[in-house]
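J.:
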Amino acid sequence: MDFAALVRQHQAMVFSVAYHIVHDRASAEDIAQEVFLQLHRSLAKLESPEHVLYWLRRTASHRAIDYVRKNASTHVALDEAPEPVAPESHEGDPMLAKRLRTLVGTLPEKSRAIVVLRYQEDMSPDEIAGVLDLPVGTVKSHLHRALAMLRDKLSRTLGEVSA
Amino acid sequence: MKHLEDELRRALRRADPSPDFAARVLAKVGEPTAWDKLRAWFAPPITRWAMAAVLVAAVGGGAAYEHERRERERGEMAKEQVMTALRIAGAKVRVVQQKVNEIGAQEAEETNGL
Chain F
1 MDFAALVRQH
11 QAMVFSVAYH
21 IVHDRASAED
31 IAQEVFLQLH
41 RSLAKLESPE
51 HVLYWLRRTA
61 SHRAIDYVRK
71 NASTHVALDE
81 APEPVAPESH
91 EGDPMLAKRL
101 RTLVGTLPEK
111 SRAIVVLRYQ
121 EDMSPDEIAG
131 VLDLPVGTVK
141 SHLHRALAML
151 RDKLSRTLGE
161 VSA
Chain Y
164 MKHLEDELRR
174 ALRRADPSPD
184 FAARVLAKVG
194 EPTAWDKLRA
204 WFAPPITRWA
214 MAAVLVAAVG
224 GGAAYEHERR
234 ERERGEMAKE
244 QVMTALRIAG
254 AKVRVVQQKV
264 NEIGAQEAEE
274 TNGL
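Just so you know, the sequences run in chain order F and Y. For the first sequence, this note's numbering assigns the number 1 to the initial residue and increments by one for each residue that follows. For the second sequence, this note's numbering assigns the number 164 to the initial residue and increments by one for each residue that follows.
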């Protein structure tokens with residue numbers, strides 16, 4: 001597998017997983033860089049493109065969670081953190097999207113990672129459980145509580161969000 | 164809840180890192196580590212032979228120095244023993260000389276008295 005091609009193919013995914021968990025652009029790029037350097041060292045052990053994708057999601061999530069745990073006291077105010085530029089979309093409210101990203105950043109780190117893998121990567125609870133080394137039941141429970149929390153906070157700040 | 168999930172998918176869409184991100188990663192991968200640099204220095208045969216020669220010389224030189232030091236020590240001890248023997252011998256000779264002088268003096272007195 002060509003390493004440079006893998007970097008170009010997966011850089012947005014790895015960076016975005018890191019960014020949506022740590023909510024700091026510079027740190028997310030550092031984390032993403034470390035993930036790819038580790039991929040380069042481990043590439044010979046990976047057997048297929050699917051294995052690479054699984055490995056990248058797993059490594060990026062774990063590194064981002066570790067970063068959040070180590071840097072809890074130096075947390076940047078989420079409203080002040082500069083946001084990466086996402087592809088233009090004519091759907092949805094950009095302010096709502098920004099508010100949601102901010103609220104996701106207030107979740108506990110494990111719940112944050114689960115929400116990111118579920119809604120950024122469209123992974124099932126079973127797949128998320130494998131990546132994060134958690135029981136499936138725990139993943140579902142975290143997801144349920146995180147959505148309830150987000151819905152509650154969002155409805156308080158922006159009015160009712162239709163169910 | 165479905166509406167919230169749709170909004171989350173929109174909010175958490177993938178975004179690109181800096182435009183030069185891939186180039187920076189590839190540049191880092193190309194950089195040798197400190198260990199790689201050390202290994203590369205030892206890699207050419209001439210370097211390996213030179214290091215082996217230095218090691219052999221160091222070991223051989225050390226052994227030769229030690230041998231010479233021990234020979235010098237043995238020489239010093241032998242010299243010390245000879246000097247001691249000479250001192251003892253010299254002392255004994257002085258004692259004998261004294262006795263001879265005394266006897267000579269006695270005989271001279273007896274001869275003069277006759």
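Where a beta carbon is used, it is the ideal one built from N, C-alpha and C, also for glycine. Since we're looking at a predicted model, the values are computed, not measured.
Taking the alpha-carbon positions, what's the R177 (chain Y) to S16 (chain F) distance?
T.: Walking along the second sequence from the start, residue 177 (chain Y) turns up at place 14. Walking along the first sequence from the start, residue 16 (chain F) turns up at place 16. Roughly 5 Å separates the two Cα atoms.
J.: Alpha carbons only, please: which of F:P135, F:R101 and F:R25 is nearest the one belonging to E150 (chain F)?
T.: Along the first sequence, one-based indexing puts residue 150 (chain F) at 150. Note on identity: in this sequence residue 150 (chain F) is Leu, with Glu being the wrong assignment. Cα-wise, what sits closest to L150 (chain F) is F:R101.
J.: Give me the residue from F:H142, F:T138 and F:M1 with the minimum Cα distance to K45 (chain F).
T.: On the first sequence, position 45 is the one that residue 45 (chain F) refers to. The option with the nearest alpha carbon to K45 (chain F) is F:M1.
J.: Comparing C-alpha positions only, which one of F:P108, F:K140 and F:L107 sits nearest to M123 (chain F)?
T.: The sequence position of residue 123 (chain F) within the first sequence is 123, counting from 1. Out of F:P108, F:K140 and F:L107, the CA that lies nearest to the CA of M123 (chain F) is found in F:K140.
J.: Check each candidate in Y:V222, Y:L218, Y:E265 and Y:F184 and name the one with the smallest Cα separation from L6 (chain F).
T.: Walking along the first sequence from the start, residue 6 (chain F) turns up at place 6. Answer by Cα proximity: Y:F184.
J.: Going along the chain, which residues of its own chain have a beta-carbon closer than 6 Å to the beta-carbon of R65 (chain F), five neighbours each way excluded?
T.: Within the first sequence, numbered from 1, the residue matching residue 65 (chain F) stands at position 65. Sequence check: residue 65 (chain F) is Ile here, not Arg. Residues of the same chain with a CB within less than 6 Å of the CB of I65 (chain F), apart from the 5 flanking positions on each side, are E109 and A113 in chain order.
J.: Pick out whichever of F:S42, F:L147, F:Y19 and F:L39 has its Cα sitting closest to the Cα of Y67 (chain F).
T.: Mapped onto the first sequence, residue 67 (chain F) falls at position 67. Of F:S42, F:L147, F:Y19 and F:L39, the residue nearest in Cα terms is F:Y19.
J.: Taking a cut of 7 Å between CB atoms, which residues from the segment 201 to 218 of chain Y lie near chain F?
T.: The segment 201 to 218 of chain Y vs chain F, Cβ under 7 Å: nothing.
J.: From Y:V263, Y:F205, Y:S181 and Y:Q269, pick the residue whose C-alpha is nearest to that of R25 (chain F); which is it?
T.: The residue labelled residue 25 (chain F) in the question sits at position 25 within the first sequence. Comparing Cα-Cα distances from R25 (chain F) to each of Y:V263, Y:F205, Y:S181 and Y:Q269, the minimum goes to Y:S181.
J.: Within 8 Å of any Cβ in chain Y, is that where the Cβ of S124 (chain F) sits?
T.: Counting from one through the first sequence, the residue named residue 124 (chain F) turns up at place 124. No, because no Cβ of chain Y sits closer than 8 Å to the Cβ of S124 (chain F).
J.: Does any CB atom of chain Y fall closer than 8 Å to the CB of E127 (chain F)?
T.: For the purposes of this step, residue 127 (chain F) is taken as the residue at position 127 of the first sequence. Closer than 8 Å: no.
J.: Kindly indicate if chain F contains any beta-carbon less than 8 Å away from that of N179 (chain Y).
T.: For this step, residue 179 (chain Y) is matched to residue 16 along the second sequence. Just to set this straight, residue 179 (chain Y) is Asp in the shown sequence, not Asn. By this cut-off, D179 (chain Y) is an interface position.
J.: Could you round the C-beta distance between Q120 (chain F) and L175 (chain Y) to whole angstroms and report it? I think they count as a contact, below 8 Å.
T.: To locate residue 120 (chain F), count along the first sequence from 1; it is residue 120. To locate residue 175 (chain Y), count along the second sequence from 1; it is residue 12. About 4 Å; that satisfies the 8 Å criterion.
J.: Report, in whole angstroms, the separation of the C-beta atoms of L43 (chain F) and V14 (chain F), which I expect to be a contact under 8 Å.
T.: Your numbering for residue 43 (chain F) matches position 43 in the first sequence. Your numbering for residue 14 (chain F) matches position 14 in the first sequence. So it is not a contact: roughly 15 Å between Cβ atoms.
J.: Can you tell me which of the three DSSP states Q261 (chain Y) falls into?
T.: Residue mapping note: residue 261 (chain Y) aligns to position 98 of the second sequence, counting from 1. Reduced to three states, the DSSP call for Q261 (chain Y) is helix.
J.: Would you mind sorting E229 (chain Y) into buried or exposed? The rule is 16 or more other CB atoms within 10 Å of its CB.
T.: Residue numbering aside, residue 229 (chain Y) sits at position 66 when the second sequence is read from its first letter. When all chains shown are included, E229 (chain Y) counts as exposed.
J.: Does the beta-carbon of T157 (chain F) have 16 or more other beta-carbons within 10 angstroms, so that it is buried, or is it exposed?
T.: Taking the first sequence and counting its residues from 1, the one referred to as residue 157 (chain F) is at position 157. Taking every protein chain shown into account, the CB of T157 (chain F) has fewer than 16 other CB atoms within 10 angstroms, so this residue is exposed.
J.: Less than 8 Å between CB atoms is the rule here; does E109 (chain F) satisfy it with respect to chain Y?
T.: Residue numbering aside, residue 109 (chain F) sits at position 109 when the first sequence is read from its first letter. No, because no Cβ of chain Y sits closer than 8 Å to the Cβ of E109 (chain F).
J.: Let's test the definition: count the other Cβ atoms within 10 Å of the Cβ of H144 (chain F) and tell me whether it reaches 16, buried, or not, exposed.
T.: As a first step, residue 144 (chain F) is located in the first sequence; it is residue number 144 there, counting from the start. It counts as exposed.
J.: Can the beta-carbon of L154 (chain F) be found less than 8 Å from the beta-carbon of S61 (chain F)?
T.: By 1-based counting over the first sequence, the position of residue 154 (chain F) is 154. By 1-based counting over the first sequence, the position of residue 61 (chain F) is 61. Cβ distance not < 8 Å, so L154 (chain F) and S61 (chain F) don't count as in contact.
J.: Is the shortest distance between the beta-carbon of R8 (chain F) and the beta-carbons of chain Y less than 8 Å?
T.: The residue labelled residue 8 (chain F) in the question sits at position 8 within the first sequence. Chain Y contact via Cβ: present.
J.: Please classify H23 (chain F): does DSSP put it in a helix, a strand, or coil?
T.: Counting from one through the first sequence, the residue named residue 23 (chain F) turns up at place 23. Here H23 (chain F) sits in coil by DSSP.
J.: Report yes if the CB atom of A97 (chain F) is closer than 8 Å to the CB atom of R202 (chain Y), and no otherwise.
T.: For the purposes of this step, residue 97 (chain F) is taken as residue 97 along the first sequence, with counting starting at 1. For the purposes of this step, residue 202 (chain Y) is taken as residue 39 along the second sequence, with counting starting at 1. No, these two residues do not count as a Cβ contact at 8 Å.
J.: Starting from L96 (chain F), trace the alpha helix (DSSP H) both ways and give me its first and last residue.
T.: Locating residue 96 (chain F) in the first sequence gives position 96, counting from the first residue. If you look at L96 (chain F), you'll find it in the alpha helix (DSSP H) that goes P94 to V104.
J.: On the premise that I21 (chain F) lies in contact with V116 (chain F), defined as a C-beta separation below 8 Å, what is that separation, rounded to the nearest angstrom?
T.: Counting from one through the first sequence, the residue named residue 116 (chain F) turns up at place 116. Counting from one through the first sequence, the residue named residue 21 (chain F) turns up at place 21. So it is a contact: roughly 6 Å between Cβ atoms.
J.: I need the straight-line Cα distance from Q244 (chain Y) to A252 (chain Y), nearest angstrom please.
T.: Here residue 244 (chain Y) corresponds to residue number 81 of the second sequence, with the count starting at 1. Here residue 252 (chain Y) corresponds to residue number 89 of the second sequence, with the count starting at 1. Looking at the two C-alpha atoms, the distance is approximately 12 Å.
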